[in-house]
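J.: Next up is a structure, given as structure tokens.
Number of protein chains: 2
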Amino acid sequence: MATPGSHTYAEITSQPVAWAEAVHQVRAQSSRLAALAPSSYAQTLFTGCGSTYYLSLAAAALTQALTGAVCRALPASELLLYPDSAYPARGARTLLIAVSRSGSTTETLRAVERFRQEGRGDVVVVCNYPDAALVAMGDVTILLPAGREESVAQTRSFASMYVACVAMAAVWGNVPGALDSLERLPPVGERLLGQYEALARQWGENTTLNQIFFLGSGPRYGLACEAALKMKEMSLTVVEPFHFLEFRHGPMSMVTPQTLVVGLLSDTARAQEEAVMQQMAHLGAQTLTLGENRTDVAFDSGVPEQMRGVLYLPILQLMAYYRALSKGLDPDRPHNLSKVIELDVL
Amino acid sequence: MATPGSHTYAEITSQPVAWAEAVHQVRAQSSRLAALAPSSYAQTLFTGCGSTYYLSLAAAALTQALTGAVCRALPASELLLYPDSAYPARGARTLLIAVSRSGSTTETLRAVERFRQEGRGDVVVVCNYPDAALVAMGDVTILLPAGREESVAQTRSFASMYVACVAMAAVWGNVPGALDSLERLPPVGERLLGQYEALARQWGENTTLNQIFFLGSGPRYGLACEAALKMKEMSLTVVEPFHFLEFRHGPMSMVTPQTLVVGLLSDTARAQEEAVMQQMAHLGAQTLTLGENRTDVAFDSGVPEQMRGVLYLPILQLMAYYRALSKGLDPDRPHNLSKVIELDVL
Numbered sequence: 004m005a006t007p008g009s010h011t012y013a014e015i016t017s018q019p020v021a022w023a024e025a026v027h028q029v030r031a032q033s034s035r036l037a038a039l040a041p042s043s044y045a046q047t048l049f050t051g052c053g054s055t056y057y058l059s060l061a062a063a064a065l066t067q068a069l070t071g072a073v074c075r076a077l078p079a080s081e082l083l084l085y086p087d088s089a090y091p092a093r094g095a096r097t098l099l100i101a102v103s104r105s106g107s108t109t110e111t112l113r114a115v116e117r118f119r120q121e122g123r124g125d126v127v128v129v130c131n132y133p134d135a136a137l138v139a140m141g142d143v144t145i146l147l148p149a150g151r152e153e154s155v156a157q158t159r160s161f162a163s164m165y166v167a168c169v170a171m172a173a174v175w176g177n178v179p180g181a182l183d184s185l186e187r188l189p190p191v192g193e194r195l196l197g198q199y200e201a202l203a204r205q206w207g208e209n210t211t212l213n214q215i216f217f218l219g220s221g222p223r224y225g226l227a228c229e230a231a232l233k234m235k236e237m238s239l240t241v242v243e244p245f246h247f248l249e250f251r252h253g254p255m256s257m258v259t260p261q262t263l264v265v266g267l268l269s270d271t272a273r274a275q276e277e278a279v280m281q282q283m284a285h286l287g288a289q290t291l292t293l294g295e296n297r298t299d300v301a302f303d304s305g306v307p308e309q310m311r312g313v314l315y316l317p318i319l320q321l322m323a324y325y326r327a328l329s330k331g332l333d334p335d336r337p338h339n340l341s342k343v344i345e346l347d348v349l
Numbered sequence: 004m005a006t007p008g009s010h011t012y013a014e015i016t017s018q019p020v021a022w023a024e025a026v027h028q029v030r031a032q033s034s035r036l037a038a039l040a041p042s043s044y045a046q047t048l049f050t051g052c053g054s055t056y057y058l059s060l061a062a063a064a065l066t067q068a069l070t071g072a073v074c075r076a077l078p079a080s081e082l083l084l085y086p087d088s089a090y091p092a093r094g095a096r097t098l099l100i101a102v103s104r105s106g107s108t109t110e111t112l113r114a115v116e117r118f119r120q121e122g123r124g125d126v127v128v129v130c131n132y133p134d135a136a137l138v139a140m141g142d143v144t145i146l147l148p149a150g151r152e153e154s155v156a157q158t159r160s161f162a163s164m165y166v167a168c169v170a171m172a173a174v175w176g177n178v179p180g181a182l183d184s185l186e187r188l189p190p191v192g193e194r195l196l197g198q199y200e201a202l203a204r205q206w207g208e209n210t211t212l213n214q215i216f217f218l219g220s221g222p223r224y225g226l227a228c229e230a231a232l233k234m235k236e237m238s239l240t241v242v243e244p245f246h247f248l249e250f251r252h253g254p255m256s257m258v259t260p261q262t263l264v265v266g267l268l269s270d271t272a273r274a275q276e277e278a279v280m281q282q283m284a285h286l287g288a289q290t291l292t293l294g295e296n297r298t299d300v301a302f303d304s305g306v307p308e309q310m311r312g313v314l315y316l317p318i319l320q321l322m323a324y325y326r327a328l329s330k331g332l333d334p335d336r337p338h339n340l341s342k343v344i345e346l347d348v349l
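Line order of the protein sequences matches chains A and B.
Residue numbering for the first sequence follows the numbering used here, beginning at 4 and increasing consecutively.
Residue numbering for the second sequence follows the numbering used here, beginning at 4 and increasing consecutively.
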């Protein structure tokens, strides 16, 4: 039997290779992608389940910012069960971006199948497994086999699919030099893994904490959701994600000295986000910040803000891994969960 | 000094009067509202902070279902800090629905102010306080003074503003008889408060519970978020809301016998939602269901599904109230919070 967490650890630490593949795959398909520009649709809708729904939230915010088209995200199950709340009236077309590690998640498959049958628009698939049923269902499919993994909780796979979505947004937004910027990220990721693993471990093994909040805004909100889910799945910790300023409207009632507030800081709204972190410290919370510079985890990447989102992930994934181990749990096999979620009732 | 929770209790139990006022106010302005039809805009964007952001999520899903226009919700702070992720490129107009109990929440005020300055589209304001700064900023303003309240946590106010948004969606969607249906809700609310207060108290005083999940899909997801926030603010309980099928993608790892899963069941997707509840019971969770019939809290309202959403609220608000009291907390004055959130840093 494998050492507890050995797959998860290997997947987290090897992810920069999968980031590089993602940029390469999008670049290779950039002219086919350009033919499906978000601005030609009434809406661009990103969808997935669990982690890939959170990826969808992050990708929609970024794609809207770079293209000026209306972009949003919904869980695949909601598209399936409540299509009237997801799609505009007939005649108004949707660009659907379906994101799935396995390419065989029941809800996502069924949602895309029905979308096609009903002729609601065009489909881009982002997926790690070449033989999956979803692969054949895209007008364009971005395949990322280097992101495949053994663990239940997505780490390397998530990062690879996220980088692919950032690269697609850059293609659609005609952002000059963006793909080159993305290609500079893997060595930065390698460096951060070495530089901050000890800090991730230290926080992961901090047994004084009994709840963790992850704050992120704009394109970082979905990343905060994913960081929270990783910590929850692997370490069964009480966690919740919020937009920075939303945290002040109710949820901060939960802050105590046993609370860690993790801030995914931007450049764009740094002053406002730092003010929230300071207020939480004042209420007694412990805090951890990540960002380009002047933060506990400092990327020092030189890569433009909108392209560097993936850098928030590895250290937070490692923190979840170490917290799971310190609680005697196996990060590779979370409680109650299986790797691919299939559902009979749909 | 007032008895702990006396304001909250009075506000929860008197809310049906405020529902009736909301329908009346929207009916009185229906021709002015009809001139701002969501289908004439690139998107309809609902916004608020905390509770009213959750209201926005619920209202956007319902308004899209009834009108076929693209509708979404974002926190007001996100509109302000990340406008490029919220608004489409210039030329594509937005209908902004700004929802605020006080009408003086910093983020909402600033977001609407800037929206107007930048000429991004038209504004509908929904608010409980006639003298508030926000009131003058709407092309149409729906004023609901019967929803005003003394407590920090929104209960009656939330319900009144939610009913107003449902009524607006019905006007925009030209749903025959919808406003008449809404007028049948207040007596149903009165009856439910009497019929199920004992059950709300019993669950509220159940000290075996250490975490509560609220599940809702489609237009009920935002209501599940609000029910969760009420429980968190008033009783400092570990709670989290999810879409029904999303709960299976990771978060259900947290389920133990000390977990209560509350299901806001629909008619539309009853089979799938019940399957999730049964799976959670099988994993050991305690469960509580609300819906029109065949549920622990049964509305028996005869009102169409899309019009009856407010009926999920009072019993869950009472449950939060009783749990706060049983933990020795004052529901009127949540920990760390104040009634109107103002922020210097914006």
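The beta carbon of each residue, even a glycine, is placed where N, CA and C say it ideally should be.
For clarity, every value in this text was computed on a predicted model and none was experimentally measured.
Among residues of its own chain, excluding the 5 on either side of B:P91, which ones have a beta-carbon nearer than 8 Å to its beta-carbon?
T.: Here residue 91 of chain B refers to the residue found at position 88 when the second sequence is read from its first residue. Within the same chain, B:P91 has close Cβ partners A45, Q46 and T97.
J.: Can you tell which of A:V306, A:P317 and A:R35 has the C-alpha that lies nearest to the C-alpha of A:D183?
T.: Looking up residue 183 of chain A in the first sequence gives position 180. For the residues A:V306, A:P317 and A:R35, the minimum Cα distance to A:D183 belongs to A:V306.
J.: Can you give me the C-alpha to C-alpha distance between B:L267 and B:L293, rounded to a whole angstrom?
T.: Your numbering for residue 267 of chain B matches position 264 in the second sequence. Your numbering for residue 293 of chain B matches position 290 in the second sequence. In a straight line, the C-alpha of B:L267 is about 5 Å away from that of B:L293.
J.: Provide the residue(s) that pair with B:L263 in DSSP beta bridges, ordered along the chain.
T.: The sequence position of residue 263 of chain B within the second sequence is 260, counting from 1. Bridge partners of B:L263: B:I215 and B:Q289.
J.: In the stretch 291 to 324 of chain A, which residues sit with their C-beta less than 8 Å from some C-beta in chain E, listed in chain order?
T.: Any reference to chain E falls outside this structure, whose protein chains are A and B.
J.: Assuming A:V241 and B:V127 make a contact with CB atoms under 8 Å, what is their CB distance in whole Å?
T.: Your numbering for residue 241 of chain A matches position 238 in the first sequence. Your numbering for residue 127 of chain B matches position 124 in the second sequence. With a Cβ gap of about 38 Å, A:V241 and B:V127 do not count as contacting.
J.: Can you tell me whether DSSP reads B:G8 as helix, strand or coil?
T.: Counted from its first residue, the second sequence places residue 8 of chain B at position 5. Coil at B:G8, not helix or strand.
J.: Is B:G331 buried or exposed, if buried means 16 or more other CB atoms sit within 10 Å of its CB?
T.: Locating residue 331 of chain B in the second sequence gives position 328, where the first residue counts as 1. Looking at its Cβ environment, which holds fewer than 16 other Cβ atoms inside 10 Å, B:G331 is exposed.
J.: Return yes when the Cβ of A:L291 is within less than 8 Å of the Cβ of A:D299, no when it is not.
T.: Taking the first residue of the first sequence as 1, we reach residue 299 of chain A at position 296. Taking the first residue of the first sequence as 1, we reach residue 291 of chain A at position 288. Yes, the pair counts as a contact, with Cβ atoms nearer than the cut-off.
J.: What residues of chain B sit near A:T50, judged by a beta carbon separation below 7 Å?
T.: Here residue 50 of chain A corresponds to residue number 47 of the first sequence, with the count starting at 1. In chain order: nothing, as chain B lies at least about 11 Å away.
J.: Does the beta carbon of B:E243 sit closer than 8 Å to a beta carbon anywhere in chain A?
T.: To locate residue 243 of chain B, count along the second sequence from 1; it is residue 240. At least one chain A Cβ lies under 8 Å of B:E243.
J.: List the residues of chain B whose Cβ lies closer than 7 Å to the Cβ of A:Q289, in chain order.
T.: Your numbering for residue 289 of chain A matches position 286 in the first sequence. Per Cβ cutoff of 7 Å: no residues; A:Q289 is ~16 Å from chain B at best.
J.: What residue range does the alpha helix (DSSP H) around A:Q157 cover?
T.: Locating residue 157 of chain A in the first sequence gives position 154, where the first residue counts as 1. First-last for A:Q157: undefined, no H or E at that position.
J.: Give the single residue among A:S103, A:A76, A:A323 and A:L60 whose Cα lies nearest to the Cα of A:W206.
T.: By one-based count along the first sequence, residue 206 of chain A stands at place 203. Just measuring C-alpha positions, the residue of A:S103, A:A76, A:A323 and A:L60 sitting nearest A:W206 is A:A323.
J.: Quick check on the burial criterion: 16 or more other C-beta atoms within 10 angstroms. Buried or exposed for A:N177?
T.: Walking along the first sequence from the start, residue 177 of chain A turns up at place 174. The residue in question, A:N177, is exposed, as its Cβ has fewer than 16 Cβ neighbours within 10 Å.
J.: Which same chain residues, not among the five before or five after B:T144, have their C-beta less than 6 Å away from its C-beta?
T.: Reading the second sequence from its first residue, position 141 is the one you call residue 144 of chain B. If we look at B:T144 and ignore the five residues flanking it on each side, its Cβ neighbours are V128 and V138.
J.: Do B:A62 and B:C168 have their beta-carbon atoms positioned less than 8 Å apart in this structure?
T.: Within the second sequence, the letter at position 165 stands for residue 168 of chain B. Within the second sequence, the letter at position 59 stands for residue 62 of chain B. In contact: B:C168 and B:A62 (Cβ atoms closer than 8 Å).
J.: Spell out the partners DSSP gives B:L98 in its beta bridges.
T.: Along the second sequence, one-based indexing puts residue 98 of chain B at 95. DSSP, once it has assigned bridges, lists B:T47 and B:D125 as partnering B:L98.
J.: Does DSSP put A:A227 in a helix, a strand or coil?
T.: The residue given as residue 227 of chain A occupies position 224 in the first sequence. It is helical.
J.: Which of the three DSSP states is assigned to B:A301 in this structure?
T.: Counting from 1 along the second sequence, the entry for residue 301 of chain B is found at position 298. Reduced to three states, the DSSP call for B:A301 is strand.
J.: What does A:Q67 touch in chain B if you count any residue whose Cβ is under 8 Å from its own?
T.: Taking the first residue of the first sequence as 1, we reach residue 67 of chain A at position 64. By Cβ distance, chain B contributes D87, S88, A89 and P91.
J.: Mind checking if B:L99 is an interface residue toward chain A, Cβ cutoff 8 Å exclusive?
T.: Residue mapping note: residue 99 of chain B aligns to position 96 of the second sequence, counting from 1. Chain A contact via Cβ: absent.
J.: Given that A:T271 touches chain B, what residues does it touch there, using C-beta distances under 8 Å?
T.: Here residue 271 of chain A is taken as the residue at index 268 of the first sequence, counted from 1. Those within 8 Å of A:T271 in chain B are L84 and Y85.
J.: Using C-beta distances below 6 Å, list every residue in its chain close to A:V264, excluding the 5 sequence neighbours before and after it, in chain order.
T.: To locate residue 264 of chain A, count along the first sequence from 1; it is residue 261. Only F216, M283, A288 and T290 meet the Cβ criterion.
J.: Checking 8 Å against the spacing of the C-beta atoms, do A:S160 and A:E152 come in under that value?
T.: Taking the first residue of the first sequence as 1, we reach residue 160 of chain A at position 157. Taking the first residue of the first sequence as 1, we reach residue 152 of chain A at position 149. Yes, they are a contact pair.
J.: For A:G141, I'd like the list of residues in its chain whose CB is within less than 6 Å of its CB, leaving aside the five on either flank, ordered along the chain.
T.: To locate residue 141 of chain A, count along the first sequence from 1; it is residue 138. Once the five neighbours on either side are set aside, the close Cβ partners of A:G141 are V126, V127 and V128.
J.: With the cut-off set at 8 Å, would you say A:A114 and A:L316 are in Cβ contact?
T.: Walking along the first sequence from the start, residue 114 of chain A turns up at place 111. Walking along the first sequence from the start, residue 316 of chain A turns up at place 313. No.
J.: Using three-state DSSP, classify A:F250 as helix, strand or coil.
T.: Here the question's residue 250 of chain A lines up with position 247 in the first sequence. Here A:F250 sits in helix by DSSP.
J.: Classify A:G312 as helix, strand or coil using the three-state DSSP reduction.
T.: Looking up residue 312 of chain A in the first sequence gives position 309. Reduced to three states, the DSSP call for A:G312 is helix.
J.: Go through its chain and collect everything with a Cβ distance to A:V69's Cβ below 8 Å, but skip five positions before and after it.
T.: Along the first sequence, read from residue 1 onward, the residue named residue 69 of chain A stands at position 66. The displayed chain sequence assigns Leu, not Val, to residue 69 of chain A. Answer for A:L69: A172, A173, W175, G176, V178 and Q309, listed in chain order.
J.: Counting along the chain, where does the beta strand (DSSP E) carrying A:T108 start and finish?
T.: In the first sequence, residue 108 of chain A corresponds to position 105, counting from 1. Unbroken run through A:T108: none, as it is neither H nor E.
J.: If we cut at 8 Å on Cβ distances, does A:L58 have a partner in chain B?
T.: As a first step, residue 58 of chain A must be located in the first sequence, where it is residue number 55. No - not a single Cβ of chain B is within 8 Å of the one on A:L58.
J.: Thinking B:L212 and B:F245 are a contact (beta carbons under 8 Å), I'd like their distance in whole angstroms, please.
T.: By 1-based counting over the second sequence, the position of residue 212 of chain B is 209. By 1-based counting over the second sequence, the position of residue 245 of chain B is 242. The pair is not a contact, with the Cβ atoms about 17 Å apart (cut-off 8 Å).
J.: Does the contact criterion of 3 or more C-beta pairs under 8 Å hold for the stretch 190 to 199 of chain A versus the stretch 47 to 58 of chain A?
T.: The stretch 190 to 199 of chain A is not in contact with the stretch 47 to 58 of chain A.
J.: Beta carbons nearer than 7 Å to chain B: which residues of the stretch 15 to 40 of chain A have them?
T.: none
J.: What residues match up with B:F161 in a beta bridge as DSSP calls it?
T.: Working through the second sequence from its first residue, we reach residue 161 of chain B at position 158. According to DSSP, B:F161 shares a beta bridge with no other residue.
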